[in-house]
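Here the protein sequences come in this chain order: A and B.
According to the working numbering, the first sequence is numbered sequentially starting from 2.
According to the working numbering, the second sequence is numbered sequentially starting from 2.
Worksheet: the structure to be examined is printed underneath.
Protein chains: 2
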Amino acid sequence: MELHQVLHMKGGDDISSYAKNSSFPKTVATKSRHILEGSIKELCRGINMKDLLYGKCWIRMAELGCGSGSNTLTTIKSFIEILDKEFYHNNNLNSSRVEVDDATALPSVEILLNDLVSNDFNLIFKSLPKFYQQLEKLGLRRLPGSCFVSAVPGSFYGRLFPDNSIHFFHSSQSLHWLSQVPAKLMTENGLSLNKGNVHIGNTSPPAVHDAYLEQFKSDFSTFLRRRSIEMASPGRMFFILCSDTPGSVGFRYLDQTLNDMVKEGIIEEKALDGFNIPMYEPTMEEMRWIIEEEGSFEVNQIETIRWNKDDDVKNMDQDPVREMYVRVTRAVFGSIIESHFGVGIMDDLFRRLAKNISECVENFIWIQDSLAVSLVKKD
Amino acid sequence: MELHQVLHMKGGDDISSYAKNSSFPKTVATKSRHILEGSIKELCRGINMKDLLYGKCWIRMAELGCGSGSNTLTTIKSFIEILDKEFYHNNNLNSSRVEVDDATALPSVEILLNDLVSNDFNLIFKSLPKFYQQLEKLGLRRLPGSCFVSAVPGSFYGRLFPDNSIHFFHSSQSLHWLSQVPAKLMTENGLSLNKGNVHIGNTSPPAVHDAYLEQFKSDFSTFLRRRSIEMASPGRMFFILCSDTPGSVGFRYLDQTLNDMVKEGIIEEKALDGFNIPMYEPTMEEMRWIIEEEGSFEVNQIETIRWNKDDDVKNMDQDPVREMYVRVTRAVFGSIIESHFGVGIMDDLFRRLAKNISECVENFIWIQDSLAVSLVKKD
Chain A
2 MELHQVLHMK
12 GGDDISSYAK
22 NSSFPKTVAT
32 KSRHILEGSI
42 KELCRGINMK
52 DLLYGKCWIR
62 MAELGCGSGS
72 NTLTTIKSFI
82 EILDKEFYHN
92 NNLNSSRVEV
102 DDATALPSVE
112 ILLNDLVSND
122 FNLIFKSLPK
132 FYQQLEKLGL
142 RRLPGSCFVS
152 AVPGSFYGRL
162 FPDNSIHFFH
172 SSQSLHWLSQ
182 VPAKLMTENG
192 LSLNKGNVHI
202 GNTSPPAVHD
212 AYLEQFKSDF
222 STFLRRRSIE
232 MASPGRMFFI
242 LCSDTPGSVG
252 FRYLDQTLND
262 MVKEGIIEEK
272 ALDGFNIPMY
282 EPTMEEMRWI
292 IEEEGSFEVN
302 QIETIRWNKD
312 DDVKNMDQDP
322 VREMYVRVTR
332 AVFGSIIESH
342 FGVGIMDDLF
352 RRLAKNISEC
362 VENFIWIQDS
372 LAVSLVKKD
Chain B
2 MELHQVLHMK
12 GGDDISSYAK
22 NSSFPKTVAT
32 KSRHILEGSI
42 KELCRGINMK
52 DLLYGKCWIR
62 MAELGCGSGS
72 NTLTTIKSFI
82 EILDKEFYHN
92 NNLNSSRVEV
102 DDATALPSVE
112 ILLNDLVSND
122 FNLIFKSLPK
132 FYQQLEKLGL
142 RRLPGSCFVS
152 AVPGSFYGRL
162 FPDNSIHFFH
172 SSQSLHWLSQ
182 VPAKLMTENG
192 LSLNKGNVHI
202 GNTSPPAVHD
212 AYLEQFKSDF
222 STFLRRRSIE
232 MASPGRMFFI
242 LCSDTPGSVG
252 FRYLDQTLND
262 MVKEGIIEEK
272 ALDGFNIPMY
282 EPTMEEMRWI
292 IEEEGSFEVN
302 QIETIRWNKD
312 DDVKNMDQDP
322 VREMYVRVTR
332 AVFGSIIESH
342 FGVGIMDDLF
352 RRLAKNISEC
362 VENFIWIQDS
372 LAVSLVKKD
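This is the structure we're talking about:
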């Protein structure tokens, strides 16, 4: 089965859902808001305000890999907040500025939510009437007729929008997902290069890292090329994705747990050999290098944002943190683990994972770095 | 509960679903295709081809009240077929025409599917990858990058799109649905004007027709006003909706069946008195009058398209036709009947309806007129 058919965060809103285990992207978004703000402000300064105010054009913002949790609409609210502030309150606009003395003169905004076709868009749509009311209550948007939310299903490694049609691309914690498991993790004879690991682990040979990096470079270059065709002039892009985090817990305990289950005959060795998680967390240097090599965009700003467990669970003792780690791992990686190993092992696997972690108190360092990146299209 | 929360065609794809009982809109669409073709051709002739071919602009088509059955994507296919034929094969283009010798030079098309937030958009999205493949096989569209389908949830009596942003509006068999049951069907003392009828029936006083027409005029004028703001220049609109059909079976047997159930004490009289179906089927004269009064559009073409049972069931004897009538009535009106009277009466009601119809062989005339209307925005 292809990746786009199985990859999705755990749906619904119970304690095991992604919706209830997505404080990480929210915290990182808060810590990097200054870069998002800068990026939107520069977008606004490049736009001919007269065109906007007389309805000749409207602003189109695409949210790539939007998911269906509460973070989806929160991001849109932030975008509109910053945009409106820039248009409505800020007096330092460029020379083509005209007086904006009425909220009805705000430019219309079309928000295009994108995710894979298996995403639960119906769930988002049902929350839209309430969302529009909230915007209005906040004094951000008068309705009807100034903010329009739509959905565009498909992979962001393919084409999603017409040429020159999007002013602002945004993506949060999605672009580290690859389009496929790197083909080069298997030799021509069908042997695994990455025995005993589900990702780049301590015992992985260098060729495993190279295969992942090569796949990421190819995917991310495709992503940039397609977005540059779709980007209107002026246009900006801002995204956050996971970055390599030395010393963190990573997939160490998941590796250990799956290997235990192989030893006990619960999982076949061949099944573990054939399982590799299709994501890559680039370093800042790799990110800069790939963007430069691809050539469509310039880096406007790039920063490492560190998240650690203390950000979200300041007053917890150690055990709830570990429980949360297990829940997050299941909410994020559960769908691809289940599609590979079958639903039968899932509860057992995550019970064992919890136990393994609670036995390793000393080594449990749960931090995760992200890169927050602001890009501008080259002329 | 508000209408947009309960009104939807019967989902799924079993024998009772709307998907399996929607041959009527398909047949009417086929019979009116010449008007749709004319409308799209005139749109194309008004567009500056140079702008399109050099990627400065793209064509946006909105499908209003799209539903989630097979007809949804069939309409889009027709639209693209006609559009591509006009751009690619026809040599009689206007003076700004440039040579189109390559399918990659076709203008990009953005298709915006609209329906109420309760519509099953996920179902449509899951069929999109196959739909894109079909387009490509038909030689209509090269992928990636020339046809983009998205969804815009919301009522078409509200605003749906930015100002001046849609080139072509299309709607099939949706615009006869009102935004609400006409308020004037009840007197100030809460008495029903329309006792014993669920719509405009033989025993309804003239005030009932007036209340329905007034609501339709108000709703349809709102619809036209909002679309005229959203329509780009040049722009066109084509829609099909049900029209008053003298002598047809209409709601006669549904009225009879519900009244029988009141007499037997299965349904409360008050419940029947308070139930009126929120749709209105205008005559051609009323349609012309409302469009003229509202003033934003001119009628380019308007035709009555007659559907009768023989169109779809040529080789059937009488009984299957009646069975189909009962199934269609349930698929289309089931959700609002159920939300008013409760799920408990549904099977009984439709069994009785079938029986009543089979006892009235002589009077059973199942025809339905539609209006096919092509509009152009006034300067």
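Just so you know, even glycine gets a beta-carbon here, dropped at the ideal spot from N, CA and C.
Predicted model only: the values in this text are computed from it and were never measured.
Does residue i come within less than 8 Å of chain A when only Cβ atoms are used?
| i | result |
| --- | --- |
| aspartate 164/B | yes |
| proline 130/B | yes |
| serine 109/B | yes |
| tryptophan 59/B | yes |
| serine 172/B | no |
Check the Cβ-Cβ distances between residue i and every residue of chain B, and say whether any is below 8 Å.
| i | result |
| --- | --- |
| asparagine 72/A | no |
| serine 79/A | no |
| leucine 113/A | yes |
| leucine 136/A | no |
| valine 118/A | yes |
Could you name the residues of chain B that residue i contacts, counting a contact when the two beta carbons are closer than 9 Å?
| i | result |
| --- | --- |
| alanine 152/A | Phe122, Phe126, Ser151, Ala152, Val153 and Pro154 |
Out of the options, state which residue places its alpha-carbon closest to the alpha-carbon of residue i.
| i | options | result |
| --- | --- | --- |
| isoleucine 230/A | Gln135/A, Cys148/A, Asn165/A and Gly66/A | Asn165/A |
| serine 359/A | Val322/A, Arg160/A and Asp370/A | Val322/A |
| serine 234/A | His177/A, Met325/A, Phe169/A and Tyr158/A | Phe169/A |
| aspartate 256/A | Gly47/A, Asn123/A, Arg353/A and Lys138/A | Arg353/A |
| valine 153/A | Asn120/A, Thr188/A and Glu137/A | Asn120/A |
| glutamine 174/B | Ser24/B, Ser193/B, Ile346/B and Lys378/B | Ser24/B |
| isoleucine 41/B | Phe298/B, Leu84/B, Ile77/B and Glu111/B | Leu84/B |
| serine 222/B | Leu179/B, Tyr254/B and Gly202/B | Leu179/B |
| tyrosine 254/A | Tyr158/A, Lys127/A and Val327/A | Val327/A |
| threonine 31/A | Lys78/A, Gln135/A and Leu65/A | Lys78/A |
| glutamine 181/B | Leu350/B, Tyr213/B and Ile201/B | Tyr213/B |
| arginine 46/B | Phe217/B, Thr75/B, Gly70/B and Glu87/B | Glu87/B |
| lysine 185/B | Met280/B, Val29/B, Gln216/B and Phe132/B | Gln216/B |
| glutamate 282/A | Ile201/A, Glu339/A and Asn357/A | Ile201/A |
| leucine 376/B | His210/B, Ser151/B, Leu124/B and His171/B | His171/B |
| threonine 76/A | Leu114/A, Gly155/A, Leu192/A and Gly251/A | Leu114/A |
| serine 109/B | Leu161/A, Leu129/A and Leu117/A | Leu161/A |
| valine 300/B | Glu286/B, Arg307/B and Ile306/B | Glu286/B |
| glutamate 265/A | Lys27/A, Gly39/A, Leu350/A and Gly140/A | Leu350/A |
So, helix, strand or coil for residue i, using DSSP?
| i | result |
| --- | --- |
| lysine 196/B | coil |
| tryptophan 367/A | coil |
| histidine 177/B | coil |
| tryptophan 308/A | strand |
| aspartate 164/B | coil |
| leucine 139/B | coil |
| lysine 379/A | coil |
| glycine 47/B | helix |
| asparagine 120/B | coil |
| phenylalanine 252/B | coil |
| isoleucine 112/B | strand |
| leucine 242/A | strand |
| isoleucine 268/A | coil |
| proline 154/B | strand |
Between residue i and residue j, which are expected to be in contact by the criterion C-beta below 8 Å, what is the C-beta distance as a whole number of angstroms?
| i | j | result |
| --- | --- | --- |
| isoleucine 278/B | phenylalanine 365/B | Actually they do not touch by this definition, with Cβ atoms about 20 Å apart. |
| aspartate 81/B | cysteine 148/B | Per the sequence shown, the amino acid found at residue 81/B is isoleucine instead of aspartate. That pair is a contact at about 6 Å. |
| aspartate 245/A | threonine 284/A | 5 Å |
| glycine 66/B | phenylalanine 157/B | 7 Å |
| leucine 136/A | leucine 242/A | With a Cβ gap of about 28 Å, leucine 136/A and leucine 242/A do not count as contacting. |
| isoleucine 346/A | isoleucine 268/A | 6 Å |
| methionine 187/A | isoleucine 112/A | Incorrect: roughly 41 Å between the Cβ atoms, too far for contact. |
| alanine 373/A | serine 33/A | 4 Å |
Is there at least one Cβ from chain E nearer than 8 Å to residue i's Cβ?
| i | result |
| --- | --- |
| leucine 84/B | In the structure shown, chain E cannot be found, because the protein chains are A and B. |
In chain B, which residues lie less than 7 Å from residue i when you measure between Cβ atoms?
| i | result |
| --- | --- |
| leucine 44/A | The premise fails here: leucine 44/A is roughly 17 Å from chain B at the closest Cβ pair, so nothing lies under 7 Å. |
Residues of chain B with CB under 8 Å from residue i, in chain order?
| i | result |
| --- | --- |
| leucine 161/A | Phe149 |
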